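Engineer: Here it is, the structure in full.
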Amino acid sequence: LNRGPQIPAKLAWCMQESPAAIIPLLLVACGSRRRFAYGTNRLLLVAFVAHYVNRSFVYAARIRGGKPTPLFVALAAFAFCVLNGYLQGRHLVEFAECPGLT
């Protein structure tokens with residue numbers, strides 16, 4: 010896995026983690042939002058997005074030095090975060106019924 014092209018650690022973290030923060034917001038903006046009226050769904054989505062904003066931008070900005078990341082690893086993490094962001098966002102925006110908070 011350490012073979013092949015490498016990219017700087019800050020760029021890798023930002024690139025690979027940001028889809029999980031951005032995709033749920035796009036689903037809220039462009040989706041049907043059938044279940045987004047539930048306060049619990051909103052709370053869970055805000056917590057998920059806040060976690061990935063921290064991982065994508067705050068943590069990446071705080072990296073000092075850091076070893077270069079193999080491009081293959083960064084692309085695999087990017088693919089995972091695209092899928093994770095889509096599944097979590099779509100579930101909370103359109104399918105989950107969590108009526109605990111209003």
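The numbering used here numbers the first residue of the sequence shown as 10 and each following residue consecutively.
We treat Cβ as the ideally placed atom computed from N, Cα and C, and that holds for glycine.
Every value quoted in this text rests on a predicted model; they were computed, and no experiment measured them.
For Q15, which beta-bridge partners are listed by DSSP?
Structural biologist: According to DSSP, Q15 bridges with P79.
Engineer: Does the region 20-32 come close enough to the region 88-96 that 3 or more CB-CB pairs lie under 8 Å?
Structural biologist: Yes, they touch.
Engineer: Looking at the structure shown, is E106 part of a helix, part of a strand, or coil, going by DSSP?
Structural biologist: Three-state result, E106: coil.
Engineer: Under the rule that 16 or more other beta-carbon atoms within 10 Å means buried, what is V102, buried or exposed?
Structural biologist: Result: buried.
Engineer: Using a Cβ-Cβ cut-off of 6 Å (strictly less than) and excluding sequence neighbours within five positions of G75, which residues of its own chain qualify?
Structural biologist: For G75, where only same-chain residues beyond five positions count, the Cβ hits under 6 Å are A18.
Engineer: When the Cα of C39 is compared with those of A105, F104, C107 and R99, which residue comes out closest?
Structural biologist: For the residues A105, F104, C107 and R99, the minimum Cα distance to C39 belongs to R99.
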